[in-house]
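Structure, as structure tokens:
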Amino acid sequence: MLPVLLLVPALGAGDTHAGREHPCLGAPTTQQPGQDSRARRGDIAGLQAALLPGTRPGPSWPRVLTGARCRRGCPRSAVAVCDAPCDGPARLSPTTSTQCLQSLRSPRMDLCHVPTTREKGWYLALMAPNVKGPNYAWLDPSRLYCHPQGLQDCVADLLQPFQGDPIDMVAGIDAMGFILGAAAATTLRKGFLAVRKAGHLCVQTLEQPYSDYSGREKVMEVRTDTISPGLRILLVDQWVETGGTMRAAIQLVERLGGVVAGVAAICIEDSEGGRWIQEHYKCSHCVPPHLQPRFNRHQLGWE
């Protein structure tokens, strides 16, 4: 059974699920069976049953990421990992279930909390789900940028595979790639190039048509006075879904004589375009292998 990434509402002191105080877990770690493990697993299973209709939590339900209240009592949306078997769902009243779902859609973040043990990708649980419908992206990764340690660890994980590689410049793709790209450039002490949607730059540009993740036809542009032949550029975007946007950026760099030193994104989905990019260029992303299938299906357990 595949793991479920479950963003649970941050709870303050005294908040309860199914009549029990939410457990206080200090860091993302594997929960070992202990004195309160049965109640803790029951709470997790109950939230799964309430928020994921049709699921049947049981002894085989593994690795659930759940929110918790920190030891100082401040509310947060940190994560903890439970591998222990679950004895069955706790019973949640309809009122409690509704309150959980409403809180889940607008969880609070404790910017001062940093997990003691930070495994790669721990910050992915800081992302926010889509609550506005199909006209929007299926989730909002940019919420994790608000967390100072989350942003730093995300950038560090993206750059780790490129340590020692010759990189002359970092290019970020309009618009959310600007944030990660600029952060990566600052970390590497390199310059930053903005790859823009057409119609924004007042200088001479080179244009490239493409289809974005939603299938809409668009045009991307880049200034022509920066990329010289042989310049090695690391391309950064927030997400690679169909690969159309990233491939357009690759084409612009290569048409100007630049060399794509690598491609970095929080997630590179296992789509036809995503696979093509990973087959032809050195790539980096932040999603652990056991969660990749969920990201590919846009199903992380909160819908």
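According to mature numbering (1 follows the signal peptide of the UniProt record, and there is no 0), the stretch in the sequence shown is residues -18 to -1, 1 to 285, in order.
Where is the CB? At the ideal position from N, CA and C, for every residue including glycine.
Report task. Would you kindly check if the distance between the Cβ of A138 and the Cβ of L121 is under 8 Å? Result -> no
Query raised in the report: So, are the CB atoms of D194 and K200 less than 8 Å apart?
Result: yes
Report task. Could you tell me the boundaries of the alpha helix (DSSP H) in which L140 lies? Result -> P130 to L141
Query raised in the report: From I250 to V185, what distance separates their C-alpha atoms?
Result: 32 Å
Report task. Take every Cβ of the region 114 to 132, pair it with every Cβ of the region 142 to 155, and state whether three or more of those distances are shorter than 8 Å. Result -> no
**Report entry** Cβ-based neighbour list, E261, same chain, cut-off 8 Å, excluding 5 preceding and 5 following
**Finding:** none
Query - Neighbourhood of G239 by C-beta distance below 8 Å, restricted to the same chain and skipping five residues each side - result: I209, S210, P211, G212 and L213
Report task. Report yes or no: do the region 226 to 243 and the region 152 to 170 share at least 3 C-beta pairs separated by less than 8 Å? Result -> yes
Query raised in the report: Which residues in the same chain as C94 place their Cβ atom closer than 6 Å to its Cβ, once the five residues preceding and following it in sequence are excluded?
Result: none
**Report entry** From L170, G244, T227 and V242, residue whose alpha carbon lies closest to that of A192
**Finding:** The sequence shown places Tyr at residue 192, rather than the Ala named in the question. Closest by alpha carbon: T227.
Requested in this report: Determine the burial state of E223: buried for a count of at least 16 other Cβ atoms within 10 Å of its Cβ, exposed for fewer.
Outcome: buried
**Report entry** L216 and I259 closer than 8 Å at C-beta
**Finding:** no
Query raised in the report: Buried or exposed: which applies to V113, given that a residue is buried once 16 or more other Cβ atoms fall within 10 Å of its Cβ?
Result: exposed
Query raised in the report: Should D219 be labelled buried (16 or more other beta-carbon atoms within 10 Å of its own) or exposed?
Result: buried
**Report entry** Buried or exposed (CB count within 10 angstroms, at least 16 for buried), P118
**Finding:** Note that residue 118 is Tyr in the sequence shown here, rather than Pro. By the neighbour-count rule (16 or more Cβ atoms within 10 Å), Y118 is not buried but exposed.
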